[in-house]
Structures are given as C-alpha cells and as structure tokens.
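Shown next, in structure tokens, is the structure this report addresses.
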Amino acid sequence: ASASELWPGRSELQEVAPSLYLTNFFGARDKGKLKAAGITHVLVCAQELPCVFEDNAAMGITYLKLPLADNPGQDIASHFEEAFTMIDEAVASGGKVLAHCAG
C-alpha cells in the first residue's frame, strides 16, 4: 500500500494529544492551517527541511529543528529530552506544538 493509502490525511494537522499536532512537510508549510490551529511552536524532525516561517515575525512561531535524518534507521531517542522539554514548555505557556518530518 502507498503512503497516501495508509495515511490519507497526512498533510492535515492531526491533534494527537492536547495541544500537540502531527503532519508532514506539506502541512507544516500551509500558513492557513497553522494559523487556524493556533500553532505557536514547530518541532522539525528532519535536518534537511527548512523552518518555513522562522523569518516571518507575524506568524509568531518558535522553531526547534532536530538534527535527524528522515529515515526509519535514525536513532531518535537521543533527542527525546530536548523535544519533550520544548513541547512541555510550549503547552505549559498556553501554546500549541506541531511536530513534522518530510513525509
């Protein structure tokens, strides 16, 4: 099965826990979707991807980019503490976090 068949809404922002959303890069670069969801923080989980709205002060988004390769063999556990800290601090301050990789 193709990725679109397994996850047909992968470009949508999907709330997986209170104030924590997942999507792919296409969803993360959709200004309207980010604004509609009230996203204040973005966790980029692929080193090759840009922080799309980092230089757009009007968007008011704080980024954390993890130095990860977007592939199944990547060891992500060493970055959990940094990611969890960002998520916890953002949610505690009333923010909403979007985490994404490429696909």
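Sequence positions in the sequence shown follow our numbering and run 236 to 338.
Even glycine gets a Cβ: it sits at the ideal position worked out from N, Cα and C.
Taking DSSP as the reference, what is the three-state secondary structure of L269? Counting from 1 along the sequence shown, the entry for residue 269 is found at position 34. Note: L269 maps to helix in three-state DSSP.
Note down, one range per segment and in chain order, each alpha helix (DSSP H) of at least 4 residues found wholly within the stretch 257-303. 260-263, 266-272
For G295, I'd like the list of residues in its chain whose CB is within less than 8 Å of its CB, leaving aside the five on either flank, ordered along the chain. Translated into positions along the sequence shown, residue 295 becomes position 60. So the list reads T275, once near-sequence residues are dropped.
Which whole-angstrom value is the C-beta distance of L299 and L278, which I expect to be below 8 Å? For the purposes of this step, residue 299 is identified with residue 64 of the sequence shown, where counting begins at 1. For the purposes of this step, residue 278 is identified with residue 43 of the sequence shown, where counting begins at 1. Sure, about 5 Å apart at Cβ, within 8 Å.
For the putative contact between G262 and H335, defined by C-beta atoms under 8 Å, what is the C-beta separation to the nearest angstrom? As a position in the sequence shown, residue 262 is number 27, starting the count at 1. As a position in the sequence shown, residue 335 is number 100, starting the count at 1. Indeed they touch by this definition, with Cβ atoms about 7 Å apart.
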